[in-house]
Amino acid sequence: MNLYSTCCTVSQLDRAPRHRMEQLAAAYRQADPAFSHWAAGYGMIQHDPLTQLRVREMVAELVALGQLADPDDGWRRLAAADRLASAAIWLVVHMTYARRVRTDGAALAADDFKAAPEGHTGGSLNMVPAYAGYLLMDALDGTTRAWMMGQGHCVAAIDALNVLVGNMTPAHASRYDRTDAGLSRLCGDFYAYTLKPDGSPESPLGSHVNAHTAGGILEGGYLGFAELQYVHAPLKGERLVAFLSDGAFEEQRGSDWAPRWWRAEDSGLVSPIIILNGRRIEQRSQIAQQGGDRWLHQHLRLNGFEPVGIDGRDPASIAWGIHAMESRLRACGEAPEGGIRLPYGIAETIKGYGFPGAGTNAAHNLPLPGNPAHDVMARDLFNEGAAALFVPVPELDQAISSLNTHREQQRVRERDHALATRDVAPPKVPAIAERLPGQAGSPMRAMDEQFVAIVEANPQLRVRLGNPDELRSNRLDRSLDLLKHRVQIPETGNSESATGAVITALNEEAVVCAALANKGGLNLVVTYEAFAPKMLGAIRQELIFSRQLRLAGRSQDWLGIPLVLTSHTWENAKNEQSHQDPTMTEALLGEMADVSRVVFPPDANAAAAALARAYAQRGTITALVVPKRDVPHVLTRAQAAELAAEGAVRMAGDPDASSLLLVATGAYQLQEVLRARARLAARDVPSTVVYLGEPARYRTPRDRDEAAYVHGDGQVRRLFPDDLPRVLLTHTRPEPYLGALRRLDTGPATTTALGFINHGGTMDVPGLLFANRCTWAHVVEAAAGVLGLDRTRLLNAQELAAIDGTGDPATVLKAAPESVR
């Protein structure tokens, strides 16, 4: 047994008095010159006695396991990491302030500095030892781990270290190297703001992790989502180091639940490390205000974590922390049900450690008191601070060579870690029974059946079903019975299991992040439509980053993720207006259609086909607005397949023999449109009905890549002939819907759109349709307007009084329009 092989315990070293640690460390230094060379540190990178003792035992263990040839290999790599970290801190401050780099270490003059420095410098300086420690641990035991960083604005640390060690994407490798010119170009590109002719950034560097950041899988622009994702990201056999922000700790409370979800049976090893620097942008963090690391240790233990104290200023301590947490987590995997405690690294440091201004509010952005370009005192401080960090080129080259062990260890570079290169084979999609037109049923029950069939046909795919609501209420009974709620202590008689795949929490962000992180598996997220906007930040960040990765040449080969919005706006008529909200679909319609799919299946066959198509996509999120109540089966299986493939299908009528086009988006809207068509036919006004199930396929594309997904003019004219006046009835608010569909808009005289107009309350479905002027009668009235007909020809006096607000709504709601003359 080694020091780290017992779950939920700490090493005896952690309990030893400090003077005893100092005595032991001194004795080891005297006896071992190689150990002593590393233990002496380098410049600002120093190793306290506890770290020296911890690392010595780790090296001995790695040698015993055959992962290191001998201890001297370990000390050589550890000393190399000190020099690499010092050089990277040096480079980060140059990225913020300088436009020129001098690798000979000479002081910079006034004209070597930027006129307008910029950068999240303090957090980036704190991330240097952390990421250097990650690179070090990979080199020590020969395993390339995945990494994720929640504080994406600290990307300068990642980019600086990647450039130094040569771990770059093509966009970086073509511009940067370790020469004066290459590093000066790196600094000049940082916050350069220059544009290419097409309007995209000319620099491959970003303010946050971007598509050109080697190994980057999360932008980290919205603090708190890495905290919710990391535990769900690695598959069994994979390892992930997650760098987290103490400022973000107070952002997403669901991060406290990570121990609920990790299981040895289907989870990879995770090493969460919070960078505890004590400061946010302009004040102390909540942790610092409540008691610092001691308070945090207590809080974590109360929430099922096992805190591990780490020196956040020291890459060796970070590496030890990763090794210790992985060892302890492997031991935790053998614990009885409910006994798992998730290790959690607390990397203590001060904001901006390693450079003047550390520990102040100014360290967040620009730590110096002025701009070195024109402030002598600031320039002197910069040069003094840089000199303390400088590593001569030959020494740095030797250090980098000691850490770039990929070839000899036969492992991939960190840019190609497992989570950055997901490639999931298409799943098998068994066909379920066709629902026959003329009958009725719940589209959600059909989706339940289809999802279960896909899960059972693909046992190799780890499943995450995100559930902030009620699966049985939303008609996913079979899914719940098969997959079960994941809990630590299952309750007899309920659909619960310690290894269940259903992630249930009354926190929309937490459950959607479980699916977004599980890119090596099969996912489904189901929620009330009105609650989905709470997921928007996480989903939008994912959509943007996925698209940027693909455009940068990093193909996104994870299975598309369906987001099912049910108990939706119209079905929630029985609840108050807070539950009647189509905002999510409207927001996602505004995103780029080649990654953001918004689909409205009108019946059961369409729901099953839409789910299958969602999984056939790569690197996309498909929002599916699906009724849970019984609605008529209106599409055959063939029509449902056509709708899924093309985004629209003609339901009735012949455009060449029609005087009007009726367009529906939404199951209840289609029923009203079909009723309106019957009334119009009874009044000798022939019309054609088109069901528009994926509106964005027919939008005006906003760039070349969206144009490759959106339909061309031929398909648009085939279904929506220019010469036909039209009425559109949509599940959403009409304004964003019509705004997205300008190609279908023939002008206010001949195009009218009806939809949700923010009216609601405690009603039934017909009542909510009436309140929002979305009944068949309102469609008929709108048809009269675009056709230039007297509406009295199409509606009787009682019906007109009802829609004018002076009669009885029941006249419209209970009428059979095709029989009324």
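The letter at position 280 of the sequence shown is residue 260 when you use this note's numbering, and the numbering goes up by one with no holes.
Glycine included, C-beta positions come from ideal geometry on N, C-alpha and C.
Closest residue to residue i among the options (Cα-Cα distance)
{"i": "ARG836", "options": "GLN32, GLY21, ALA433", "result": "Here the chain comprises residues numbered -19 to 801, so residue 836 is not present and cannot be evaluated."}
{"i": "ILE469", "options": "ALA478, GLU286, LEU604", "result": "ALA478"}
{"i": "TRP70", "options": "LEU460, PHE431, MET24, ASP12", "result": "MET24"}
{"i": "GLY566", "options": "VAL792, TYR717, MET75", "result": "Gly is not the amino acid found at residue 566; the sequence shown has Glu there. Comparing Cα-Cα distances from GLU566 to each of VAL792, TYR717, MET75, the minimum goes to TYR717."}
{"i": "THR76", "options": "ALA49, TYR171, HIS152", "result": "TYR171"}
{"i": "PRO448", "options": "LYS514, ILE298, THR149", "result": "LYS514"}
{"i": "TYR671", "options": "VAL43, ALA647, THR149, ALA688", "result": "ALA647"}
{"i": "HIS100", "options": "ALA596, GLU715, LYS331", "result": "LYS331"}
{"i": "LEU45", "options": "HIS279, PRO177, GLY122", "result": "GLY122"}
{"i": "SER422", "options": "ARG452, ARG308, ASP294, GLU686", "result": "ARG452"}
{"i": "GLY102", "options": "ALA398, PRO612, GLY227, GLN10", "result": "GLY227"}
{"i": "PRO705", "options": "ARG663, VAL643, THR712", "result": "VAL643"}
Residues near residue i by beta carbon distance below 7 Å, same chain, minus five either side
{"i": "GLY787", "result": "GLN778, ALA781"}
{"i": "VAL760", "result": "ALA656, ARG659, LEU660, LEU774, LEU775"}
{"i": "VAL443", "result": "VAL435, LEU463, ALA481, GLY501, LEU502"}
{"i": "ASP457", "result": "ASP428"}
{"i": "ASP634", "result": "THR668"}
{"i": "TRP275", "result": "ILE267"}
{"i": "THR(-14)", "result": "Bear in mind that the predicted position of THR(-14) carries a pLDDT of just 44, short of 50, making it unreliable; the figure below should be weighed with that in mind. Around THR(-14): ALA311."}
{"i": "ASN147", "result": "ALA194, ARG393, GLU394, ARG395"}
{"i": "LEU208", "result": "GLN232, GLY234, SER235, GLU489, ALA490, CYS493"}
CB of residue i within 7 Å of CB of residue j, strictly
{"i": "ALA518", "j": "PHE229", "result": "no"}
{"i": "VAL250", "j": "ILE302", "result": "no"}
{"i": "TYR114", "j": "LEU141", "result": "no"}
{"i": "LEU445", "j": "LEU504", "result": "yes"}
{"i": "LEU383", "j": "ALA60", "result": "yes"}
{"i": "ALA763", "j": "LEU568", "result": "no"}
{"i": "LEU224", "j": "PRO252", "result": "yes"}
{"i": "THR680", "j": "ARG723", "result": "yes"}
{"i": "LEU58", "j": "ALA379", "result": "no"}
{"i": "VAL842", "j": "ARG520", "result": "Not covered by the structure: residue 842. The range shown for the chain is -19 to 801."}
{"i": "LEU346", "j": "PRO97", "result": "yes"}
{"i": "VAL629", "j": "PRO582", "result": "no"}
{"i": "GLU571", "j": "GLY627", "result": "no"}
{"i": "GLU414", "j": "ARG617", "result": "yes"}
{"i": "ALA676", "j": "LEU708", "result": "no"}
Enclosing alpha helix (DSSP H) for residue i [first to last residue]
{"i": "MET631", "result": "Careful: MET631 lies outside any alpha helix (DSSP H), inside the beta strand (DSSP E) at 628 to 632."}
{"i": "THR791", "result": "790 to 793"}
{"i": "PRO51", "result": "51 to 77"}
Residues near residue i by beta carbon distance below 6 Å, same chain, minus five either side
{"i": "SER164", "result": "ARG80, VAL81"}
{"i": "ASN752", "result": "PHE736, ILE737, HIS739"}
{"i": "TRP300", "result": "ARG34, VAL35, MET38"}
{"i": "MET743", "result": "ALA553"}
{"i": "ALA238", "result": "VAL211, LEU322"}
{"i": "THR484", "result": "ASN447, HIS465"}
{"i": "TRP242", "result": "VAL211, LEU322"}
Endpoints, the beta strand (DSSP E) within which residue i is located
{"i": "MET129", "result": "126 to 129"}
{"i": "GLU436", "result": "No beta strand (DSSP E) contains GLU436, which is instead part of the alpha helix (DSSP H) from 423 to 437."}
{"i": "VAL669", "result": "667 to 672"}
{"i": "TYR202", "result": "No beta strand (DSSP E) contains TYR202, which DSSP labels as neither H nor E."}
{"i": "SER297", "result": "Where SER297 is concerned, there is no enclosing beta strand (DSSP E), although the alpha helix (DSSP H) it sits in stretches over 295 to 312."}
{"i": "ILE601", "result": "601 to 605"}
{"i": "VAL371", "result": "Careful: VAL371 lies outside any beta strand (DSSP E) and carries neither H nor E."}
{"i": "SER576", "result": "576 to 579"}
Residues sharing a beta bridge with residue i, DSSP
{"i": "GLY446", "result": "ILE483, VAL505"}
{"i": "ALA733", "result": "LEU708"}
{"i": "HIS465", "result": "GLU476, VAL482"}
{"i": "LEU721", "result": "In DSSP, LEU721 forms no bridge with anything."}
{"i": "SER251", "result": "VAL221"}
{"i": "GLU37", "result": "GLU37 pairs with nothing; no bridge assigned."}
{"i": "THR546", "result": "TYR508"}
{"i": "LEU623", "result": "DSSP lists no partner for LEU623."}
{"i": "GLU328", "result": "LEU256, ASP291"}
{"i": "PRO29", "result": "Answer is none; PRO29 lacks a bridge partner."}
{"i": "LEU642", "result": "VAL669, VAL707"}
{"i": "ALA420", "result": "PRO612"}
Other residues of its chain near residue i: CB distance less than 8 Å, five sequence neighbours each side excluded
{"i": "ASP(-6)", "result": "LEU30, GLY289"}
{"i": "LEU48", "result": "VAL39, LEU42, GLY54, LEU120, ASP121"}
{"i": "ASN283", "result": "ASP236, TRP237, PRO239"}
{"i": "ASN474", "result": "HIS465"}
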